[in-house]
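Residues 7 to 120, numbered by my numbering, are exactly what the sequence shown covers, in order.
Backbone N, C-alpha and C define an ideal beta-carbon position, used for all residues, glycine too.
Keep in mind that this is a model prediction, so the values were computed, not measured.
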Amino acid sequence: MMGADRRLKKGLELFNRGEYFECHEVVENLWLKTPVDDPLRDFYKGIIQAAAALYQRQRGVASGAEGLYKTSLRYLQAYSPETLGLDVKKMSEDMERCFTQNAAPPRLKYNFKA
């Protein structure tokens, strides 16, 4: 796994540990280094927004979390069902349950190929 994959994997590991702020920082760094015409920028932005939504939820900032969660789903929609080994469909469904049914935060399923 090289370059972007390593940073993405690190970000997803942080997400699954509930370290949403740290996930946001790692994936944002990847997003910032991705060329503006690269179609993966919005994919990364969706993950960043999802992590930020869950971070705000942890902090009890419901209104901020709600807006970020909805934005994350809009960004990720084009990348379902799977992108770069991440099960985007499941992530989106789990985010929806988390915010509409007060379910547990999602655990991301991903499979990076060597």
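Problem - Burial state of Asp100, where buried means 16 or more other Cβ atoms lie within 10 Å - result: The residue is buried, with at least 16 neighbouring Cβ atoms inside 10 Å.
Exercise for the section: Rounded to whole angstroms, what's the CA-CA distance from Asp11 to Pro112? Just pull it up for me. Expected result: Approximately 20 angstroms between the Cα atoms of the pair.
Practice task
Give a yes or no on whether the C-beta atoms belonging to Gln83 and Leu74 are separated by under 8 angstroms.
Solution key: The answer is no: Cβ separation not under 8 angstroms.
Problem - For Asp44, three-class secondary structure by DSSP - result: DSSP places Asp44 in coil when its eight states are reduced to three.
Handout entry: Contact test: Ala68 Cβ vs the ligand FAD heavy atom, cutoff 7 angstroms
Key = In the structure on display, the ligand FAD does not appear, and there are no ligands present to speak of.
Practice task
Run the CB neighbour count on Val32, radius 10 Å, all protein chains shown included, and call it buried at 16 or more, exposed below.
Solution key: Taking all protein chains in view, the Cβ of Val32 is crowded by 16 or more other Cβ atoms within 10 Å, so the residue is classified as buried.
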